[in-house]
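When you line the sequence shown up against the working numbering, it's residues 466 to 798, in that order.
Where a beta carbon is used, it is the ideal one built from N, C-alpha and C, also for glycine.
Worksheet: one structure, shown below.
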Amino acid sequence: MSAARKLLYPFSLLYGGVTALRNELYDRGIFSSNTFDLPVIAVGNLSVGGTGKSPMVEYLVTLLKNKKQVATLSRGYKRSTSGFHLLTGKEAAAEVGDEPLQFKMKFPEVLVAVDEDRSHGIRELLKQNPKPEVIILDDAFQHRKVKAGFYILLTPFENLYSDDLVLPAGNLREPKWGAKRADVIIVTKCPERLSSSERERIENDLKLEEDQELFFSRIAYSEKVYGGSESFSVEDLKNRKFTLVTGIANPKPLIAYLQNKGLNFEHLKFPDHHNFSVSELKELRSREMILTTEKDYMRLKNDISKERLFYLPIATEFLERKDVFGQLIKEFK
């Protein structure tokens, strides 16, 4: 443990104790949770930072949308508004959050809503016509006021919750034993090839409950980049001068992917869910071409000309047993 972590560790014990007590009060029914008479799937994590929640929500939507009326509900992180809002797709990312706007733009037929109070948000969604038949809660593993029927917990390959500490010495929002609430645990952002011995080691480290299922997934990058005016192959970027702009928790995998393609670029890194200032936008407008992530594109598309701004989509891809995962989701009622 580093010196900084040692100094912060007593505060982690305090924070972990408070969150553990809160969870115990919910588990014992002293604090009440709301349940709803339809399937509710919660996607979340124990740690702060990017674990791949957005592509997992999109994977679930793709899995279900042709069979059921699907809705997604997010809090709308860093949005300028509050309360319930049902997206039309015409909003600015600052109003509703970049990830919900991304969901709505990609799946216009799906009900996409934001509400910091998930119970209220679900009740409002149930007033809609058509009414949702299944609701996916984005980033809701710690939102105990709603009791979902199915919990999906994500943990990134390079920073498993089993190897981490509670805030502020580590990155965990609650002690690692909170993972026992999950029905499914998915190790995300794995390398494309993962040996059976490495999978077995991870399974042992995570100490799964008997009724929990473990899956391994990776981030699959699109072979094409998209913009408001055109789309073209990633390979064509070799012939273009561009700047990579990221406002995500961990841009390293994206940088590695582009470098492995033999691309040369300047990288401008911003904090996760960054709201770009007037001076920053002025600087970006001076760039010949900008490549960014899909959620960053949602925040930049109204401020950078469509001829200069492009994004690279990503998707969740299971290393194995995707049919088993799909069956678990489709059979959940």
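CB-CB under 7 Å to residue i, same chain, minus the five flanking residues each way: which ones, in chain order?
| i | result |
| --- | --- |
| T516 | N510, L619, T620, P621, T653 |
| R459 | Within the shown structure, residues of the chain are numbered from 466 to 798, placing residue 459 beyond reach of any answer. |
Within the 8 Å Cβ cut-off, does residue i reach chain C?
| i | result |
| --- | --- |
| F735 | Although the question refers to chain C, the structure presented lacks it and comprises just one protein chain. |
Between which two residues does the beta strand (DSSP E) harbouring residue i extend?
| i | result |
| --- | --- |
| L525 | No beta strand (DSSP E) contains L525, which is instead part of the alpha helix (DSSP H) from 518 to 529. |
| G509 | 505 to 510 |
| A780 | 779 to 783 |
| P621 | 615 to 621 |
| K787 | Careful: K787 lies outside any beta strand (DSSP E), inside the alpha helix (DSSP H) at 787 to 796. |
| E731 | 731 to 734 |
Only counting the same chain, and skipping five residues up and downstream in sequence, which positions put a Cβ closer than 6 Å to that of residue i?
| i | result |
| --- | --- |
| A558 | L566, M763, R764 |
| F615 | I506, D648, F797 |
| F735 | G712 |
Checking the sheet assignment: what are the DSSP bridge partners for residue i?
| i | result |
| --- | --- |
| H550 | V579 |
| H585 | Beta-bridge pairing links H585 to no other residue. |
| D603 | V508 |
| K689 | S698 |
| T537 | V577, I601 |
| L774 | I755 |
| R544 | In DSSP, R544 forms no bridge with anything. |
Cβ of residue i within 8 Å of Cβ of residue j?
| i | j | result |
| --- | --- | --- |
| L702 | L728 | yes |
| L632 | I794 | no |
| T758 | I684 | no |
| L625 | I651 | no |
| A613 | L576 | no |
| Q534 | E598 | yes |
| S682 | E782 | yes |
| P716 | T484 | no |
Starting from residue i, trace the alpha helix (DSSP H) in both directions and tell me its first and last residue.
| i | result |
| --- | --- |
| S497 | Where S497 is concerned, there is no enclosing alpha helix (DSSP H), given that its DSSP letter is neither H nor E. |
| E675 | That residue, E675, is in no alpha helix (DSSP H); it is neither H nor E in DSSP. |
| E753 | E753 -> no alpha helix (DSSP H), and no H or E assigned at all. |
For the ligand SAM, is there a heavy atom less than 7 Å away from the beta-carbon of residue i?
| i | result |
| --- | --- |
| F501 | The ligand SAM is not part of the structure shown, which contains no ligands of any sort. |
Beta-carbon within less than 8 Å of residue i's beta-carbon, same chain only, minus the 5 sequence neighbours each way: which residues are those?
| i | result |
| --- | --- |
| L591 | F501, L503, P597 |
May I have a chain-ordered list of the beta strand (DSSP E) segments no shorter than 3 residues that lie completely inside the segment 630 to 660?
649 to 653
Fully enclosed by the segment 467 to 493, which alpha helix (DSSP H) runs are 4 residues long or longer?
468 to 492
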